[in-house]
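Written below as structure tokens is the structure these notes are about.
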Amino acid sequence: MKKLFVYFGISAFVFIFSQIYEYFSHGVYSNFMVFAFLIPFIGLFIPSLINIFIKREISDSAKLSWKCGIATLTVGSLYKGVLDIYGTSGNFEMIYLTVGIALCIIAGVMTALGKIEKSVDILKEDGKTPSELK
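Next up, the structure:
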């Protein structure tokens, strides 16, 4: 439950940061900056809220990879927003996007493989092999 408040706080901080930054940008805004708060909200807060009800266990390494991916995507969105407001472009926008998505995919694969390994371990405890189920 504590993590939920932390994730909501991160989303609120990003929202407030983007609003203050745009206030001082003399009427120029960027959708990357406006909607950057949705990345931690949808990527961290909502899954944690759902996990309270379904109580699914996810490995620490998968959680870390997911959090790093969401952080990378959030920072990348803010970076792109700053550059849009400034009226220029940079070389790192695509790198942030690629690395962030790759980390999230790695987390998904690690979670899926963890479930497969857990299922095999349960079968072994029951004295069955996976080939016996076919």
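For my numbering, add 4 to where a residue sits in the sequence shown, where the first one is 1. We put the CB at the ideal spot given by N, CA and C, even for glycine.
| Asked | Found |
| --- | --- |
| At what residues does the alpha helix (DSSP H) containing residue 33 begin and finish? | First-last for residue 33: undefined, no H or E at that position. |
| Look at the alpha carbon of residue 45 and the alpha carbon of residue 11, and state the distance between them as a whole number of angstroms. | 7 angstroms |
| Evaluate the contact criterion for the stretch 12–28 versus the stretch 79–93: three or more CB pairs, one atom per stretch, below 8 angstroms. | yes |
| Compute the Euclidean distance between the alpha carbons of residue 37 and residue 102, then round it to the nearest angstrom. | 18 angstroms |
| Rounded to whole angstroms, what's the CA-CA distance from residue 16 to residue 41? Just pull it up for me. | 7 angstroms |
| For the candidate residues 29, 13 and 50, whose alpha-carbon lies nearest to that of residue 58? | 50 |
| By how many angstroms is the C-alpha of residue 29 removed from the C-alpha of residue 107? | 32 angstroms |
| Residue 100: buried (16+ other C-beta within 10 angstroms of its C-beta) or exposed? | buried |
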